[in-house]
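Per this note's numbering, the very first residue in the sequence shown carries number 33; after that it's consecutive.
C-beta atoms are modelled at their ideal positions from N, C-alpha and C, and glycine is treated no differently.
Here's the structure, in C-alpha cells; my notes come after.
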Amino acid sequence: MQSTAAKRIIWTLFAAQSLVSAGVIAGATVLSIIAVDLTGNDANAGVPSAVMQLAAAPAAYGFGLLWDRIGRRNGMTLGLLLGVAGGVVAVWAVEGVSFFLLLLSVAGLGFMRSALQLSRFIAAEVSEPSRRGAAISTVVLGGTVGAILGPLVVAPSSQLALALGMNELTGPYLAALALFALTTIVVWLGLNPDPMELSKEIEAQFPEEQTGDGKIRSTRQLLALPGVYVAITTMVIAQMVMVMVMGITSLHMAHLEMTLGSISVVFSGHTLGMFAPSIFSGRLADRWGRAPMIITGAVILLASFVLAPLYPSVPPLVVALFLLGLGWNFCFVAGSALLADQLRTAERSSMQGTNDLLIALVTAGGSFASGPIFASAGYGVLNLSGGVLTLMMLGLVLWWYANSRQMQTAAVNQ
Numbered sequence: 033m034q035s036t037a038a039k040r041i042i043w044t045l046f047a048a049q050s051l052v053s054a055g056v057i058a059g060a061t062v063l064s065i066i067a068v069d070l071t072g073n074d075a076n077a078g079v080p081s082a083v084m085q086l087a088a089a090p091a092a093y094g095f096g097l098l099w100d101r102i103g104r105r106n107g108m109t110l111g112l113l114l115g116v117a118g119g120v121v122a123v124w125a126v127e128g129v130s131f132f133l134l135l136l137s138v139a140g141l142g143f144m145r146s147a148l149q150l151s152r153f154i155a156a157e158v159s160e161p162s163r164r165g166a167a168i169s170t171v172v173l174g175g176t177v178g179a180i181l182g183p184l185v186v187a188p189s190s191q192l193a194l195a196l197g198m199n200e201l202t203g204p205y206l207a208a209l210a211l212f213a214l215t216t217i218v219v220w221l222g223l224n225p226d227p228m229e230l231s232k233e234i235e236a237q238f239p240e241e242q243t244g245d246g247k248i249r250s251t252r253q254l255l256a257l258p259g260v261y262v263a264i265t266t267m268v269i270a271q272m273v274m275v276m277v278m279g280i281t282s283l284h285m286a287h288l289e290m291t292l293g294s295i296s297v298v299f300s301g302h303t304l305g306m307f308a309p310s311i312f313s314g315r316l317a318d319r320w321g322r323a324p325m326i327i328t329g330a331v332i333l334l335a336s337f338v339l340a341p342l343y344p345s346v347p348p349l350v351v352a353l354f355l356l357g358l359g360w361n362f363c364f365v366a367g368s369a370l371l372a373d374q375l376r377t378a379e380r381s382s383m384q385g386t387n388d389l390l391i392a393l394v395t396a397g398g399s400f401a402s403g404p405i406f407a408s409a410g411y412g413v414l415n416l417s418g419g420v421l422t423l424m425m426l427g428l429v430l431w432w433y434a435n436s437r438q439m440q441t442a443a444v445n446q
C-alpha cells in the first residue's frame, strides 16, 4: 500500500507532466513552421528539435549526478526555471525574427524537458516494486492533459498575440511560458518530503529486491547487463523515431496546404496516443511483463510508419500519428520500468541520467537528419527510416526475451 507522501509525490509529478506537456506541445505544433519561416529553408525544419535534444543530453546526465546532491525537489525546480527562461527567449526570438534566439530558447526548453523526463523515475523510486510500472504510467498519463490542452491553446493564444500586435506564431509560446511558471510553483510545493528520502525507506522495506552483493556498480558494469541495455535501446529508438516523424509531420501537412487547425487536430491525436494509454499501459507492463509490452509497442510503431505516408489527408494522418504515440507509450513505459527493475537506489540517478543522455543524443541525431531526409527524399522515406530502426529494436528485444525465458525454464528444472 502506498503511503500518503508517495501518492502526493506521484500526483504532483502527474500535474507537472500535464502542465509542461501542454506548453511544449503548443510550441511544438508551430516549431518547424517557425524554423522554416525564419530561415527560408525546409532542410532547417528539424534543427530546433535537434538542438532541444542536444541540450537535454548533457542536462540529463548532469541532473542525474546533481540530484543525488541537492535532492529531487531542488533538481526539478531548477530544471523548470530553465524552461521558464527558454519560454521568455522563444517569444523574443519570434518577435525579433532571430533563428539564433530560437535555438537558444529551445535549449532552455531541452533542459526543462530533461528534468521532466527524469521525473518518471522519481515516481518509480517512491513506489513498491510491484507498482513501479503503474507509478511510471501515472506520471506519463499527465501528458494526456497536455495532449488535450496543448493543441487547444494554439488558436486562441495565436489570436491573443495578434490582438497584442505580435506575430500569431508567438501565441503558443506565451501560453507555454505561463504554464511553465505555474508548474514550477506546483513542484516546489508538492515534492515534500524529498522523494530521495522516501526511496531509501522503500528499499529498506524490500531488501529481497536488491540483487548481487549490495555494492554500487559502475556505469560500465550496468551497461553490460542485458536487461539494462535492452531497456535503454528500447527507449532510445522509440523516442528517436517518434520525434523524427512527429517533428516533420506539421511541415508535411503545411506543404499539402492544410490549415493550422488541421495540424492541431493531428497533433491532438498523436499526443493522445502518447499519453492516454498510460491509464493502463503501466499496469499491463506489471502484469504481462516488460518484454511483451515492448514487442507490442514495436509492432504498433511499424503499423504507423506504413499508414502515415499512404494517404495525404487529415483522418488517416490522425490515425497514423495516434498509433505512433501509442507505440511509443508502450515501449517507453515498459522500457522505463525494465530499467528501474535493474537498479539499486544508489545507482538510479546516475544510470537514469545516463539513459536520458543517450536518448537525447541519439534523438538529436535523428532530428538533424529528419529535415534533410524530408527535403531530399520525402515523407515516405522518413517513415521508412523509422520502420527500419524499429525492426532492429524489435529483433534485440525478441532475442533477449527468448533467452530470458530459457534461463527461467532452466532454473525451474534444476
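### Query
Under three-state DSSP, which class holds Lys247?
The residue given as residue 247 occupies position 215 in the sequence shown. Three-state DSSP puts Lys247 in coil, outside helix and strand.
### Query
Going along the chain, which residues of its own chain have a beta-carbon closer than 8 Å to the beta-carbon of Gly96, five neighbours each way excluded?
Here residue 96 refers to the residue found at position 64 of the sequence shown. Once the five neighbours on either side are set aside, the close Cβ partners of Gly96 are Leu150, Ser381, Ser382, Met383, Gln384, Gly385, Thr386, Asp388 and Leu389.
### Message
For Phe312, count the other beta carbons within 10 Å of its own beta carbon; 16 or more makes it buried, fewer makes it exposed. Which is it?
### Response
Translated into positions along the sequence shown, residue 312 becomes position 280. It is exposed - the Cβ of Phe312 has fewer than 16 other Cβ atoms within 10 Å.
### Task
Return the CA-CA distance between Pro183 and Ala378, expressed in angstroms with no decimal places.
Locating residue 183 in the sequence shown gives position 151, counting from the first residue. Locating residue 378 in the sequence shown gives position 346, counting from the first residue. Roughly 39 Å between the two C-alpha positions.
### Query
Taking all protein chains shown into account, do 16 or more other C-beta atoms lie within 10 angstroms of the C-beta of Gly72, making it buried, or fewer, making it exposed?
As a working note, residue 72 is residue 40 in the sequence shown. Gly72 is exposed by the Cβ-count criterion.
### Message
Taking the straight line between their C-alpha atoms, what separation do you get for Pro161 and Ala409?
### Response
Taking the sequence shown and counting its residues from 1, one reaches residue 161 at position 129. Taking the sequence shown and counting its residues from 1, one reaches residue 409 at position 377. Between Pro161 and Ala409, the C-alpha separation is close to 46 Å.
### Buried or exposed by the 16-neighbour rule on C-beta atoms within 10 Å, applied to Ala442
Residue 442 sits at position 410 when you count from the first residue of the sequence shown. With a pLDDT of only 43 at Ala442, under the threshold of 50, the placement of this residue in the model should not be trusted; the figure read from the coordinates follows. Classification of Ala442: exposed, given that the 10 Å Cβ count is below 16.
### Query
Should Asn415 be labelled buried (16 or more other beta-carbon atoms within 10 Å of its own) or exposed?
On the sequence shown, position 383 is the one that residue 415 refers to. Classification for Asn415: buried.
### Task
Reducing DSSP to helix, strand and coil, say where Ala14 ends up.
This structure leaves residue 14 out entirely; the chain is present only between 33 and 446.
### Task
Classify Thr375 as helix, strand or coil using the three-state DSSP reduction.
Counting from one through the sequence shown, the residue named residue 375 turns up at place 343. Rather than Thr, the amino acid found at residue 375 in this sequence is Leu. Coil, per DSSP.
### Query
Since Thr61 is in the alpha helix (DSSP H), which residue starts that stretch and which ends it?
Counted from its first residue, the sequence shown places residue 61 at position 29. Element bounds for Thr61: Thr36 to Thr71.
### Query
Can you name the start and end residues of the alpha helix (DSSP H) that Pro324 belongs to?
Your numbering for residue 324 matches position 292 in the sequence shown. Element bounds for Pro324: Arg322 to Leu339.
### Message
Contact defined as beta carbons within less than 8 Å: I believe Gly103 pairs with Leu141. What is the distance between those atoms, to the nearest angstrom?
### Response
Within the sequence shown, numbered from 1, the residue matching residue 103 stands at position 71. Within the sequence shown, numbered from 1, the residue matching residue 141 stands at position 109. About 23 Å separates the two Cβ atoms, so there is no contact after all.
#### Entry: Simplified DSSP state of Tyr343, which is helix, strand or coil
Counted from its first residue, the sequence shown places residue 343 at position 311. When DSSP states are grouped into helix, strand and coil, Tyr343 belongs to the coil group.
### Task
Measure the Cβ-Cβ separation of Leu355 and Ile332 and say whether it is below 7 Å.
Within the sequence shown, the letter at position 323 stands for residue 355. Within the sequence shown, the letter at position 300 stands for residue 332. Yes, these two residues count as a Cβ contact at 7 Å.
### Task
Using the Cα positions of Leu223 and Ile41, report the straight-line distance between them to the nearest angstrom.
What you label residue 223 is simply residue 191 of the sequence shown in a count that begins at 1. What you label residue 41 is simply residue 9 of the sequence shown in a count that begins at 1. For Leu223 and Ile41, the distance between alpha carbons rounds to 5 Å.
### Task
Going by CA-CA distance only, name the one from Arg319, Val126 and Asn106 that's closest to Ile217.
Within the sequence shown, the letter at position 185 stands for residue 217. When C-alpha distances from Ile217 are compared across Arg319, Val126 and Asn106, the shortest belongs to Asn106.
### Query
Whose C-alpha, out of Arg163, Pro344, Ile234 and Ala330, is nearest the C-alpha of Met267?
One-based indexing of the sequence shown puts residue 267 at position 235. Met267 has its Cα closest to that of Ala330, out of Arg163, Pro344, Ile234 and Ala330.
### Query
Shortest alpha-carbon distance to Met325 belongs to which of Tyr433, Ala396, Leu255 and Ser250?
Position 293 of the sequence shown holds residue 325. Sorting Tyr433, Ala396, Leu255 and Ser250 by C-alpha distance to the C-alpha of Met325 places Tyr433 at the top.
### Query
Val444 to Leu63, Cα distance in whole Å?
For this step, residue 444 is matched to residue 412 along the sequence shown. For this step, residue 63 is matched to residue 31 along the sequence shown. Residue placement at Val444 cannot be trusted, given a pLDDT of 37 that sits under 50; what the coordinates show is reported in the next sentence. Each residue's alpha carbon lies about 54 Å from the other.
### Query
Under the rule that 16 or more other beta-carbon atoms within 10 Å means buried, what is Trp99, buried or exposed?
The sequence position of residue 99 within the sequence shown is 67, counting from 1. Within a 10 Å sphere around the beta-carbon of Trp99 sit 16 or more other beta-carbons, which makes this residue buried.
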